[in-house]
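When we follow the working numbering, the leftmost residue of the sequence shown carries the number 1294, and every step to the right adds one.
Virtual Cβ for every residue (Gly too), placed ideally from N, Cα, C.
Because the structure is a prediction, the values reported are computed rather than measured.
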Amino acid sequence: MRARMLLTLILVFVALPLYTVLSGQVPLGRDYRTADRSSAGIAPPPETTPEAVVQVYFARALNWRGIFGVHAWIATKPPNAAEYTIHHVIGWRLYRGLSTVVSAPGIPDGRWFGNEPTLLAELRGEAAAEAIPKILEAVASYPYPQEYAVWPGPNSNTFVAYIGRRVPELRLDLPPTAIGKDYPINGSLLDRTPSGTGYQLSMMGLLGVAMGREEGIELNLLGLNFGVDFYNPALKLPFVGRLGIGER
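The following block contains the structure:
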């Protein structure tokens, strides 16, 4: 039994992180000052898209941090707007005495320091126009603008999960690599899942369980997520992400 547990720990904490590096998911050694932040060509250009647009993205974090997790953000464009507004949390802003929450014009599908973004959710037209005021209200009410911790949270994934719970039409099923998504709001043990389709029990983002139509079943151990998605069949693993149909 002990040998089996040891083998499991080796698999989780050695083999899976090694796989993320060897598979090219997490390039190492990039300089943040010169890393690519250009558009990945996913978002519709605002100049040719008069309808409202809401998009949610995530991408691997820079260098070694990307082995463990991703950074998530939300892009909004009201009807006939000339540009997108990017909403996310940036931890280093605390060192300058600023709020971690940023809402500013930007590239919606920009590469995150060279790492390709993945489109997680999207609303268009009337659905997007109705969701944008709710998103802005959730951004303004985020309870941790002066706090940040890569692990177990609150961080950028805590922020996006918070918005997802308050704008359930986004149906956000954040990936298992989104460390911080399970960090509880105001210490609450029970809350909706980020997709709004289920419930989660979480003890400070370190230990918990979640069940929902979008999420399936997820187990959180020390901030690492393991689970099975039945709606879009996939195995959810820490470090690696999703394995199966609808892999993200």
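Whose CA, out of the options, lies closest to the CA of residue i?
i	options	result
Gly1362	Val1502, Lys1474, Gln1348	Lys1474
Arg1464	Ala1420, Ile1383, Tyr1388, Gly1498	Ala1420
Gly1480	Ser1495, Gly1317, Ala1433	Ser1495
Tyr1441	Leu1391, Leu1416, Arg1506, Ile1360	Leu1391
Val1347	Asp1329, Trp1366, Glu1340	Trp1366
Phe1452	Val1314, Ile1379, Leu1528	Ile1379
Pro1545	Glu1415, Asp1466, Asn1513	Only positions 1294 to 1541 of the chain appear in the structure, and residue 1545 is not among them; the question remains open.
Pro1337	Val1319, Pro1320, Ala1375, Arg1459	Ala1375
Ala1368	Leu1528, Val1432, Gly1322, Arg1459	Val1432
Leu1517	Ala1424, Tyr1524, Leu1500	Leu1500
Pro1438	Ser1396, Leu1302, Asp1324	Ser1396
Arg1535	Pro1469, Gln1493, Leu1515, His1381	Pro1469
Thr1313	Arg1326, Ala1354, Leu1482	Ala1354
Ala1471	Val1460, Ala1352, Arg1459	Ala1352
Pro1461	Gly1505, Pro1436, Val1443	Gly1505
From what residue to what residue does the beta strand (DSSP E) around residue i run?
i	result
Thr1341	Segment: none, Thr1341 is in no beta strand (DSSP E) and carries neither H nor E.
Thr1378	1378-1382
Val1307	Val1307 -> no beta strand (DSSP E), and no H or E assigned at all.
Val1395	1394-1398
Let me check one thing: in DSSP terms, what residues is residue i bridge-paired to?
i	result
Lys1370	Val1346
Phe1519	Leu1512
Leu1536	Leu1528
Leu1483	Leu1494
Asn1448	Paired residues: none, contrary to the question.
Gly1457	Gly1457 is not bridged to any residue.
Phe1351	Ala1365, Thr1411
Gly1501	Ser1495, Asn1513
Gly1403	Ser1332
One question on the structure: do residue i and residue j come within less than 8 Å of each other, judged by their Cβ atoms?
i	j	result
Pro1398	Tyr1377	yes
Leu1413	Tyr1350	yes
Ile1360	Phe1519	no
Ser1434	Gly1457	no
Gly1407	Asp1329	yes
Ala1333	Ala1422	no
Glu1507	Thr1490	yes
Pro1320	Lys1370	no
Ile1400	Thr1393	no
With a 10 Å radius around its C-beta and 16 neighbouring C-beta atoms as the bar for buried, classify residue i as buried or exposed.
i	result
Trp1357	exposed
Phe1306	exposed
Asp1402	buried
Arg1558	This structure does not reach residue 1558, given that the chain is present from 1294 up to 1541, and the question cannot be answered.
Asn1373	exposed
Pro1526	exposed
Gly1498	buried
Asp1522	buried
Ala1296	exposed
Asp1484	buried
Pro1477	buried
Pro1447	buried
Ser1449	buried
Val1537	The displayed chain sequence assigns Gly, not Val, to residue 1537. With fewer than 16 other Cβ atoms within 10 Å, it is exposed.
Would you say the beta carbon of residue i comes nearer than 7 Å to a heavy atom of the ligand FAD?
i	result
Arg1404	Ligands in the displayed structure: none, and consequently the ligand FAD is not present.
Following the continuous alpha helix (DSSP H) through residue i, name the residue where it begins and the one where it ends.
i	result
Glu1426	For the sequence presented, residue 1426 should be read as Pro rather than Glu. Residues 1418-1434.
Gly1359	1358-1361
Ala1296	1295-1303
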